[in-house]
Amino acid sequence: MAGMKVDEDTSKEVNCLIFDYIICLAIHTAISVAEGSTGEWDMSWLEDTVTALRLVLPPTEELPVALQIKAQVFEIARMFSKTSQPVQTMLAEMASTFVSTCKSAGEKALELHATQAASQIRNNQKSATVIYTLGQIMQLLAPPVLLQLERGNLEGMSRAETQRLKQRIGME
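Residue numbers (the numbering used here): 84 to 255.
Below you can see the structure in the form of structure tokens.
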């Protein structure tokens with residue numbers, strides 16, 4: 084196996100799959116912390132992992148739109164997890180970029196929730212309100228492929244088709 088090389092496209096795809104999984108875990112944790120439920124989670128290792136993964140990913144604008152949205156949700160949720168009153172000007176700028184990214188996804192429900200979150204941020208709403216809306220946005224996005232595989236059901240495929248795929252690629 085030492086002599087095997089993976090082509091660059093495969094490597095990028097795998098890095099994106101891992102990033103998708105980790106960013107969703109980081110979002111969940113940031114939202115939980117922002118809601119006051121710290122539990123046993125330590126945000127620093129997730130932030131460090133997200134930062135490290137970004138170094139091996141293509142530039143943000145080359146990522147799939149869903150990953151761009153998740154990365155922006157994480158940054159906004161992270162701001163609220165650090166303090167109950169994040170810097171308003173920075174948040175407003177992030178919210179504006181966020182709405183643009185969600186519009187590019189071409190899904191009306193996603194665009195509506197993004198606009199709602201941006202409005203809540205600009206109007207200095209309570210963090211709980213913004214965090215709730217970010218959670219709704221995450222529910223509109225597909226779960227990470229690695230999580231779908233773990234659950235045994237890829238989006239757009241039946242359980243049986245997913246099972247056959249897992250067997251074919253050696254996951255079973």
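All C-beta atoms in this analysis are idealised placements derived from N, C-alpha and C, irrespective of residue type, glycine included.
Which residue's Cα is closest to the Cα of Ile220: Leu150, Glu91, Leu138, Asp131?
The candidate whose alpha carbon is nearest that of Ile220 is Leu150.
Helix, strand or coil at Gln199 [DSSP, three-state]
Three-state DSSP puts Gln199 in a helix.
Can the beta-carbon of Val36 be found less than 8 Å from the beta-carbon of Ile106?
Here the chain comprises residues numbered 84 to 255, so residue 36 is not present and cannot be evaluated.
Could you please give the first and the last residue of the uninterrupted alpha helix (DSSP H) stretch that includes Thr184?
Per DSSP, Thr184 belongs to the alpha helix (DSSP H) from 171-187.
Please check the pair Gln222 and Gly235, which I expect to be a contact at CB under 8 Å, by giving their CB distance rounded to whole angstroms.
Gln222 to Gly235, Cβ: 20 Å. No contact.
So what does DSSP say about Ala225, is it helix, strand or coil?
Assigned with DSSP and collapsed to three states, Ala225 falls in coil, not helix or strand.
Where do the ends of the alpha helix (DSSP H) carrying Ile159 lie?
Taken as a continuous stretch (DSSP letters only), the alpha helix (DSSP H) holding Ile159 covers 148-165.
Going by alpha carbons, who is nearest to Thr112 out of Ile101, Leu129, Ala211?
Checked all of Ile101, Leu129, Ala211; the closest Cα to Thr112 is Leu129.
What are the start and end residues of the alpha helix (DSSP H) that includes Ile110?
91-117 is the extent of the alpha helix (DSSP H) around Ile110.
Can you tell which of Ile204, Glu144, Ile114, Leu237 has its C-alpha closest to the C-alpha of Ala188?
Answer by Cα proximity: Glu144.
Kindly indicate which residue of Glu176, Val97, Val116 has the alpha-carbon position closest to the one of Arg137.
Closest by alpha carbon: Val97.
Could you pull the start and end residues of the alpha helix (DSSP H) that Lys249 belongs to?
Per DSSP, Lys249 belongs to the alpha helix (DSSP H) from 242-251.
Assuming Thr216 and Ala200 make a contact with CB atoms under 8 Å, what is their CB distance in whole Å?
So it is a contact: roughly 4 Å between Cβ atoms.
Return the Cβ separation of Phe157 and Ala225 in integer angstroms, given the expectation that the two are a contact with Cβ distance under 8 Å.
Cβ atoms of Phe157 and Ala225 stay farther apart than 8 Å, at about 16 Å.
Rounded separation between Leu248 and Glu190 - CA only
Rounded to the nearest angstrom, the two C-alpha atoms are 29 Å apart.
Out of curiosity, what's the CA-to-CA distance linking Tyr104 and Asp90?
Each residue's alpha carbon lies about 22 Å from the other.
Does DSSP classify Ser127 as helix, strand or coil?
In the structure shown, Ser127 sits in a helix (DSSP, three-state: H, G or I).
Helix, strand or coil at Glu194 according to DSSP, with G and I counted as helix
In this structure, DSSP gives Glu194 a helical state, which the three-state scheme calls helix.
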